[in-house]
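*Asks:* Sending over a structure as structure tokens; questions will come in a sec.
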Amino acid sequence: MTPEKQTLPKSTERRSLAWKVAPDLFASFRYAWQGIVYATRTQRNFRIHLGIAIFVWAMCFFLSLSFLETAVLTAMVALVLVLELINTALESVVDLTVQQTYHELAKIAKDCAAAAVLVGAIASLAVAVLISFPHFRTMLTS
2 MTPEKQTLPK STERRSLAWK VAPDLFASFR YAWQGIVYAT RTQRNFRIHL
52 GIAIFVWAMC FFLSLSFLET AVLTAMVALV LVLELINTAL ESVVDLTVQQ
102 TYHELAKIAK DCAAAAVLVG AIASLAVAVL ISFPHFRTML TS
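Just add 1 to wherever you are in the sequence shown, counting from 1, and you've got the numbering used here.
Shown next, in the form of structure tokens:
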């Protein structure tokens, strides 16, 4: 077939092919779990964020935070972990693309992905301080 005659599959066909990468739903969850295990084993910052998550949940219990406060902090922790996973995935794709060469656009992509994690972590810290400060103040004044 000549290049002029080649056509891409219809949009729905491409989606169905992409969806069938995992043979079933359980395989999809297994692949996702493998990503979490990979990040935990290889990414220092992901492990640090997991440690902070455990600390945050312990503080939720210690401070007797409300269900809503705990839910908000859990969502913020999840946001940072998700951003860290996306950062890891993006770094892997960039490394695969540029291999051993330096490219300014690869640096920008990696720096921006890392910055997204940093912004999420700072926002999470701000939310944690805003939620926990009144509880600490009550403990100190009583």
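C-beta: ideal position from N, C-alpha, C; glycine also.
What residue range is occupied by the uninterrupted alpha helix (DSSP H) comprising His50?
*Replies:* Residues Arg45 to Phe63.
*Asks:* Go ahead and label Glu105 buried or exposed: buried means 16 or more other beta carbons lie within 10 angstroms of its beta carbon, across all protein chains shown.
*Replies:* Exposed, because fewer than 16 other Cβ atoms sit within 10 Å of the Cβ of Glu105.
*Asks:* At the level of alpha carbons, what is the spacing between Ile53 and Ile37?
*Replies:* Rounded to the nearest angstrom, the two C-alpha atoms are 16 Å apart.
*Asks:* When the distance is taken between beta carbons, is Leu97 closer than 9 Å to Val118?
*Replies:* No, the Cβ-Cβ distance between Val118 and Leu97 is not below 9 Å.
*Asks:* For the alpha helix (DSSP H) containing Val83, list its first residue and its last residue.
*Replies:* First-last of the alpha helix (DSSP H) with Val83: Phe68 to Val99.
*Asks:* Cα separation between His136 and Gln44?
*Replies:* Spanning the two alpha carbons is a distance of roughly 33 Å.
*Asks:* Which residue wins for smallest C-alpha separation from Val128, given the options Thr75, Asn88 and Arg31?
*Replies:* Considering only alpha carbons, the answer is Thr75.
*Asks:* Tell me whether Ile132 is buried or exposed, calling it buried when 16 or more other Cβ atoms sit within 10 Å of its Cβ.
*Replies:* Answer is buried; the Cβ neighbour count reaches 16.
*Asks:* Assign Leu66 to one of two classes, buried (16 or more other C-beta atoms within 10 Å of its C-beta) or exposed (fewer than that).
*Replies:* So Leu66 counts as buried.
*Asks:* Quick check: the Cα distance between Tyr39 and Thr142, rounded to an integer number of angstroms?
*Replies:* Using only the alpha carbons, I get a separation of about 45 Å.
*Asks:* Under 8 Å by Cβ, that's how I've got Leu80 and Gly121 pegged, so tell me the actual separation to the nearest angstrom.
*Replies:* Yes, they are in contact, since the Cβ atoms of Leu80 and Gly121 sit about 5 Å apart, within 8 Å.
*Asks:* Report yes if the C-beta distance between Arg31 and Thr41 is below 9 Å; otherwise report no.
*Replies:* No, the Cβ-Cβ distance between Arg31 and Thr41 is not below 9 Å.
*Asks:* Given this structure, state the Cα-to-Cα distance separating Thr177 from Phe63, to the nearest angstrom.
*Replies:* Residue 177 lies beyond the residue range present for the chain, which begins at 2 and ends at 143; the question has no answer from this structure.
*Asks:* Nearest to Val78 by alpha carbon, out of Ala28, Val95, Ala59 and Leu91?
*Replies:* The residue with the shortest Cα to Cα distance from Val78 is Ala59.
*Asks:* If I follow the unbroken alpha helix (DSSP H) through Val120, where does it start and stop?
*Replies:* Residues Glu105 to Thr142.
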